[in-house]
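Note sheet for the following structure.
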DNA sequence: ATAGTGATGGCAGCAACTGACATCACTTGT
DNA sequence: ACAAGTGATGTCAGTTGCTGCCATCACTAT
């Protein structure tokens, strides 16, 4: 293992900044190299210059380290949704928020590719991703309710939005074409509208 | 603990029939009584008159014991979808299959209530449920493709169907009204159609 | 009877995760 | 400058989920 592959060095003591970030980087690198199951938490911690116990202070479990960004993504979506014009139909407000979020994700395509490859290789990680998406749906449904949308429409709109996002994201990751993620989202929404219209 | 609460007796040797069923019943009972995390696999096995090692021969992990039925549900859905008339629009064929499956679930409402209460109390179990639903969606998408539906439409239709089912099932479980689950599904689909039409 | 077969038990071991407590680096008040 | 305080980290022991390996049991076929 080359020294360059390690993201700490011996001159670091305790209290080196950004322990969480170092753990995230170390985990993603190791999961990508050897696979999720073949990586122990102790190895991640060691690579980050910390101990296993400290890992579990930052992340609830071995999987969560890949999903720390979900929180800020959720905040962004809810915020964008809340500031949409009142005139927008709920489904379009949701789509607009997802497109904006997609534009952000797009800026880190390399990272997204690497991360998704790791997740795709392990069912436990897929489970975690699904519950994060479900959490996003709940948060968006709540934001819609604050806009006066009633249930079940609010929940259905949010769930439909997440379905659209999932399909669009999947195509963005797996198709070599360099098209825009927001563009994929728009197209998927149009497809959903066609499909639910019985076409 | 009363003797009646135990689903084996000392006259049983090895080779008593339906080990899997006994494990399922024991697990659901214990998860409902003390909660999922407070129940050890050893306790489940003991209650079923077996050992921990045997539990893991029947179920891949402690959560899976609650989801054994998902396989047959998936077969049923795919079969029903495959035998829908060619004239039916994809979304309506999916809805019809889901309604038929809902009619089956309805026959065991007590069991469904108990099981959902256990799942609702634990995020790990919710994760597992989500991936089972995602698997259902994949299987339905594949069935649609065999009907000639192309791909983003097939995936989107299946995902939308699962979203409809989730919302309908949730209402069926949590609303005291004794309305039909298939009826909830129809209504949720209508809501989705309205919502995606921009209303 | 004997050998074979499939289900089960027993045991050792690893890794994920947790609680309790010690220790260190840095800050604050005086 | 020094002591007390604070928050992040280390250390260690323990539980539990889960797996591999081999022995054992009940039953079946020849």
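Chains as they are written, first to last, in our numbering: chain E, 1436 to 1634; chain A, 1436 to 1634. Backbone N, C-alpha and C fix where the C-beta goes; we use that ideal spot for every residue, glycine too. None of these values were measured; they are calculated from a predicted model.
(message) Taking the straight line between their C-alpha atoms, what separation do you get for residue 1584 of chain E and residue 1631 of chain A?
(response) 14 angstroms
(request) Would you kindly work out how many angstroms separate the C-alpha atoms of residue 1561 of chain A and residue 1629 of chain E, rounded to a whole number? (result) Going from the Cα of residue 1561 of chain A to the Cα of residue 1629 of chain E covers about 31 angstroms.
(message) Determine, for residue 1436 of chain E, whether the minimum Cβ-Cβ distance to residues of chain A falls below 9 angstroms.
(response) Its pLDDT being 41, under 50, residue 1436 of chain E is placed unreliably by the model, and nothing is read from it.
(message) In whole angstroms, give me the CA-to-CA distance for residue 1502 of chain A and residue 1522 of chain E.
(response) Distance from the CA atom of residue 1502 of chain A to the CA atom of residue 1522 of chain E, rounded to whole angstroms, is 44 angstroms.
(request) Under 9 angstroms between beta-carbons, which chain A residues line up against residue 1543 of chain E? List them in chain order, please. (result) Those do not exist, as residue 1543 of chain E stays about 24 angstroms from chain A at its closest Cβ, beyond 9 angstroms.
(request) Report all residues from its chain with a CB closer than 8 angstroms to the CB of residue 1454 of chain A; omit the five preceding and five following residues, and keep chain order. (result) 1483, 1485, 1489, 1493
(request) Return no unless some Cβ of chain E is closer than 9 angstroms to the Cβ of residue 1443 of chain A. (result) Because residue 1443 of chain A sits at a pLDDT of 49, beneath the cut-off of 50, its placement in the model cannot be relied upon, and the following sentence gives the value as read from the coordinates. It does not; no Cβ of chain E falls within 9 angstroms.
(request) Kindly say whether residue 1617 of chain A, judged by its beta-carbon, lies nearer than 9 angstroms to any beta-carbon of chain E. (result) Judged by the 9 angstroms Cβ criterion, residue 1617 of chain A is not in contact with chain E.
(request) Check distances from the C-beta atoms of the region 1543-1566 of chain A to those of chain E and list, in chain order, the residues that come in under 8 angstroms. (result) 1558, 1561, 1562, 1563, 1565, 1566
(message) Run through chain A and tell me which residues come within less than 8 angstroms of residue 1611 of chain E, C-beta to C-beta.
(response) Result: empty, since nearest Cβ-Cβ is about 16 angstroms, beyond 8 angstroms.
(request) Take the Cβ of residue 1520 of chain A as the centre, count every other Cβ of all protein chains shown within 10 Å, and call the residue buried at 16 or more, exposed below. (result) With fewer than 16 Cβ atoms within 10 Å of its Cβ, residue 1520 of chain A is classed as exposed.
(request) For residue 1510 of chain A, count neighbouring C-beta atoms within 10 Å of its own C-beta (all shown protein chains included) and say buried if the count is 16 or more, exposed if not. (result) exposed
(request) Kindly confirm or deny that the region 1526-1537 of chain A and the region 1591-1605 of chain A touch, where touching means at least three C-beta pairs closer than 8 angstroms. (result) Segments in contact, yes.
(request) From the DSSP output, in three-state form, read off residue 1599 of chain A for me. (result) Looking at residue 1599 of chain A - three-state DSSP - the assignment turns out to be helix.
(request) Excluding the 5 residues preceding and the 5 following residue 1553 of chain E in the sequence, name in chain order all residues of the same chain whose CB lies nearer than 6 angstroms to its CB. (result) Excluding residues within five positions, the ones whose Cβ falls inside 6 angstroms are 1466, 1467.
(message) Given a cut-off of 9 angstroms on the beta-carbon distance, is the pair residue 1537 of chain A and residue 1603 of chain A in contact?
(response) yes
(request) Assign residue 1633 of chain A to one of three DSSP states: helix, strand, or coil. (result) Judged by DSSP in its simplified three-state form, residue 1633 of chain A adopts coil rather than helix or strand.
(message) Give the list of continuous alpha helix (DSSP H) stretches no shorter than 4 residues that lie fully inside the region 1545-1585 of chain E.
(response) 1558-1581
(request) Indicate the three-state DSSP secondary structure (helix, strand or coil) for residue 1452 of chain E in the structure shown. (result) coil
(request) Check the Cβ of residue 1569 of chain A against every Cβ in chain E and list those closer than 7 angstroms, keeping chain order. (result) Simply 1565.
(message) Can you confirm whether residue 1632 of chain A, when its beta carbon is compared against all beta carbons of chain E, has any partner nearer than 9 angstroms?
(response) yes
(request) Taking all protein chains shown into account, decide if residue 1546 of chain A is buried (16 or more other Cβ within 10 angstroms of its Cβ) or exposed. (result) When all chains shown are included, residue 1546 of chain A counts as exposed.
(request) Name the residue from A:1586, A:1514, A:1626, A:1557 whose alpha carbon lies nearest to the alpha carbon of residue 1473 of chain A. (result) The shortest C-alpha separation from residue 1473 of chain A is found at A:1557.
(request) Find out if the Cβ-Cβ distance for the pair residue 1571 of chain A, residue 1512 of chain A is shorter than 9 angstroms. (result) Yes, Cβ-Cβ distance for residue 1571 of chain A and residue 1512 of chain A is below 9 angstroms.
(message) Measuring only the C-alpha atoms, how far is residue 1460 of chain A from residue 1563 of chain A?
(response) 19 angstroms
(request) Just the C-alpha distance for residue 1477 of chain E and residue 1550 of chain A, rounded to the nearest angstrom, thanks. (result) 36 angstroms
(request) Closer than 8 angstroms by beta-carbon distance: list the chain A residues that pair up with residue 1601 of chain E, in chain order. (result) 1594
(message) Using a Cβ-Cβ distance cut-off of 9 angstroms, determine whether residue 1573 of chain E contacts chain A.
(response) no
(request) Using the Cα positions of residue 1614 of chain A and residue 1607 of chain A, report the straight-line distance between them to the nearest angstrom. (result) 7 angstroms
(message) Does residue 1436 of chain A come out as helix, strand or coil in the three-state DSSP assignment?
(response) Note that residue 1436 of chain A scores 41 on pLDDT, short of 50, meaning its location in the model is unreliable; the coordinates nonetheless yield the value given after this. Three-state result, residue 1436 of chain A: coil.
(message) If the criterion is Cβ atoms closer than 9 angstroms, does the pair residue 1463 of chain E and residue 1480 of chain E meet it?
(response) no
(message) Considering only their Cβ atoms, is the gap separating residue 1582 of chain E from residue 1516 of chain E smaller than 9 angstroms?
(response) With respect to residue 1582 of chain E, residue 1516 of chain E sits close: the two C-beta atoms are nearer than 9 angstroms.
(request) Could you tell me whether any Cβ in chain A is nearer than 9 angstroms to the Cβ of residue 1431 of chain E? (result) Since the first and last residues shown for chain E are 1436 and 1634, residue 1431 of chain E lies out of range.
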